[in-house]
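**Q** Please read through the structure below; I'll follow up with questions.
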Amino acid sequence: MKKIIISGLCVFLLLLSACNQRANTYFEKKLTYPEILTSDQKVKLAAYVVPTQQQYEWQQQELTAFIHFGMNTFTGREWGDGSENPALFNPTDFDADQWVSTLQEAGFKMILLTAKHHDGFCLWPTRTTTHSVASSPWRNGQGDVVRTVKEACDRKDMKFGIYLSPWDRNAESYGDSPRYNTFFVEQLTELLTNYGEVHEIWLDGANGEGLNGKVQEYDWARFYHVIDSLQPKAVKAIMGDDVRWVGNESGLGRETEWSVTPLQPDINEATAIENRRLEITPTADDLGSRDLIERSQTLHWYPSEVDVSIRPGWFYHPEEDHQVKTLAKLVDIYFQSVGMNSVLLLNIPPDTRGRLHETDVERLRQFGNYIENTFDKGKLVDGDMPWKARSGTSREYNVVPDETINTVMLQEDIRKGQRVEKFIVEGFIDNKWIKLTEGTTIGYKRLLQFGNTSPSRLRVTINDTRDIANIKKVDAFFAASIENGIKEDPRTNK
Ligand code: FUL
């Protein structure tokens, strides 16, 4: 595929080609509209915004794991205040290989570790502060959680990401903006140069007060520059401009989820003003409708990530051992995230031993088995054939004879943009076409559920699309009812 990265007035010339012929003219990650375009032209061009290679690879992971581990694990808190004594950090049986193998067997492709949370305690022996593992009794101050986890990931070909909280309640320079920004850049530099490849950098937007009520102004442009120079293949999430927060921490996706959106994180005055003008934030319901595009000046490929914890808290607390989410809840979250054009970032917090707790391990095992059993083998005979779908056109697919289905999957080839706005799926049952389900956006992946049925054929109709839709794959599955299919320990139900 030929890709041309363009912006500004050149867009107009390219627009003519995109409108008049099917030119392979794509806008990688960003498109800035010239002022002369009509609303229809703007919507049409939105169909040509595509992900970068790293955004595309990130999306294909589908399942990624968050690991919240640090000082809070030992103090029982969710947010430390930075005054914690490093002597408290002392995992008794630290085992990163157990994290990696448990998560990998459950289908997860990346581990994203809290190298530093808001309390400022660093899980690697940084030169920037003594508030780190180097001052702890763990491994006599010789340990390095970041390195140990990264090496365990490398042994199993698991991707590795880093959460580095900009908000730091321990750093003496916090609130003294230029000085703290330099300190943060040094931390980033250590993490992004000394540990091999890092695939995702998660930058939280929390911005609490510093000492004496000082407000810290983060230098996002500088942080971006450091990340892009040191790890050009990594995606930057949340306050980063590659991966967008879905807008809640409950595992809820949007039925209509556009990866092409005018939203950008509030990293400078201009983006903040534009977000305000359009009245959009990551929590808005509508981030990509025609109406919004018509009012936009710039569009971005900025896909959604659903972060949610397997437990009520982000960190491990023994009193929550009986509140690990049920299999049914996790599967529901899967349908709401992976099934709604998002990547799931599921948090599983290790305990004070430095191991994933037995209850969580068992739940992950059940989850992995369920997903594999359900989606391993599709029930359509011929859903693999790519289809270039115009608005109002349909295609029929054969269901494997005598199979019962209750789930359909649709995928667009997002390397050619996200385009579908409305579709319907029917089943041929007793010589009639019966509507099974319908939806709006598809994107990388859309899963929809309906009642058990055994049609001989499925018919997919793309009712509305922004340009010819590139349907990559259609398939059907049977997702077993969890209450009946899998016995659960009622004590661990949530
Ligand atoms: C939030 C933090 O304040 C929480 O503690 C947690 O780390 C979550 C993933 O991000 O903003």
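Residue 2 is where the sequence shown starts when you use this note's numbering, and the numbers rise one by one after that.
Every residue, glycine too, gets a C-beta built ideally from N, C-alpha and C.
Remember, it's a predicted structure, so these values are computed and weren't measured experimentally.
#1: For the beta strand (DSSP E) holding residue 410, just list the boundary residues, first then last.
#2: Comparing the CB of residue 246 with every heavy atom of the ligand FUL, is any distance shorter than 6 Å?
#3: Which residues in the same chain have their Cβ closer than 7 Å to the Cβ of residue 22, if we skip the five residues on either side of it in sequence?
#4: Kindly indicate which residue of 255, 291, 316 and 425 has the alpha-carbon position closest to the one of residue 283.
#5: In whole angstroms, give me the CA-to-CA distance for residue 318 and residue 357.
#6: For residue 417, count neighbouring Cβ atoms within 10 angstroms of its own Cβ and tell me buried if that reaches 16, exposed if not.
#7: Span of the beta strand (DSSP E) holding residue 31?
#8: Pairing CB atoms from the segment 159-168 with CB atoms from the segment 194-214, are three or more of them under 8 Å?
#9: Any chance you could list the beta strand (DSSP E) runs of at least 3 consecutive residues sitting entirely within the segment 30-87, in chain order?
#10: Roughly how many angstroms separate the alpha carbons of residue 258 and residue 373, rounded to a whole number?
#11: Out of 136, 128, 243 and 98, which one is the CA nearest neighbour of residue 58?
#12: Which ranges does the alpha helix (DSSP H) cover as unbroken runs of at least 4 residues, wholly within the segment 420-471, from first to last along the chain?
#13: Just to confirm, does residue 267 get its C-beta within under 6 Å of one of the non-hydrogen atoms of the ligand FUL?
#14: Suppose the cutoff is 6 Å on Cβ atoms and the five residues either side in sequence are ignored; what does the same chain contact list for residue 410 look like?
#15: Where do the N-terminal and C-terminal ends of the beta strand (DSSP E) with residue 162 fall, by residue?
#16: Out of curiosity, what's the CA-to-CA distance linking residue 425 and residue 249?
#17: Between the Cα of residue 340 and those of 251, 305, 446 and 346, spot the shortest distance and give me the residue it belongs to.
#18: Could you tell me the alpha carbon to alpha carbon distance between residue 178 and residue 68, rounded to whole angstroms?
#19: Can you give the Cα-Cα distance for residue 31 and residue 56, rounded to whole angstroms?
#20: Tell me whether the beta-carbon of residue 108 lies closer than 7 Å to the beta-carbon of residue 260.
#21: Give every residue of the same chain whose Cβ lies closer than 7 Å to the Cβ of residue 47, excluding the five residues on either side of it in the sequence, and list them in chain order.
#22: Using only the heavy atoms of the ligand GTP, determine whether one of them is closer than 6 Å to the beta carbon of residue 169.
#23: Using 6 Å as the cut-off, classify the Cβ of residue 207 as near or not near the heavy atoms of the ligand FUL, replying yes or no.
#24: Could you spell out where the alpha helix (DSSP H) holding residue 220 opens and where it closes?
#25: Alpha carbons only, please: which of 214, 215, 272 and 213 is nearest the one belonging to residue 1?
#26: Pick out whichever of 290, 121, 384 and 221 has its Cα sitting closest to the Cα of residue 43.
#27: Starting from residue 125, follow the alpha helix (DSSP H) in both directions and report where the run begins and ends.
#28: Among all the DSSP beta bridges, which residues are the ones paired with residue 476?
#29: Taking one C-beta from the segment 264-271 and one from the segment 327-338 each time, how about it: are there three or more such pairs within less than 8 Å?
**A** Let's see:
#1: 406-413
#2: In this structure, the C-beta of residue 246 stays at least 6 Å away from each heavy atom of the ligand FUL.
#3: Only weak support is given to the placement of residue 22: the predicted model assigns it a pLDDT of 38, under 50, and the value that follows is read from those uncertain coordinates. So no residue of the chain qualifies.
#4: 255
#5: 12 Å
#6: buried
#7: 31-33
#8: yes
#9: 31-33 and 64-68
#10: 25 Å
#11: 243
#12: Listed in chain order, there is nothing to give.
#13: no
#14: 448 and 476
#15: 160-165
#16: 28 Å
#17: 446
#18: Their Cα atoms are separated by approximately 29 Å.
#19: 13 Å
#20: no
#21: So the list reads 261, 294, 300 and 467, once near-sequence residues are dropped.
#22: Summarising the ligand content, the structure contains the ligand FUL and does not contain the ligand GTP.
#23: Checking every heavy atom of the ligand FUL against the Cβ of residue 207, one is found closer than 6 Å.
#24: Where residue 220 is concerned, there is no enclosing alpha helix (DSSP H), given that its DSSP letter is neither H nor E.
#25: Nothing can be reported for residue 1, as the shown portion of the chain is limited to 2 through 495.
#26: Ranking 290, 121, 384 and 221 by Cα distance to residue 43 puts 290 first.
#27: Element bounds for residue 125: n/a, residue is neither H nor E.
#28: 410
#29: No: the two stretches stay apart, fewer than three of their Cβ pairs being nearer than 8 Å.
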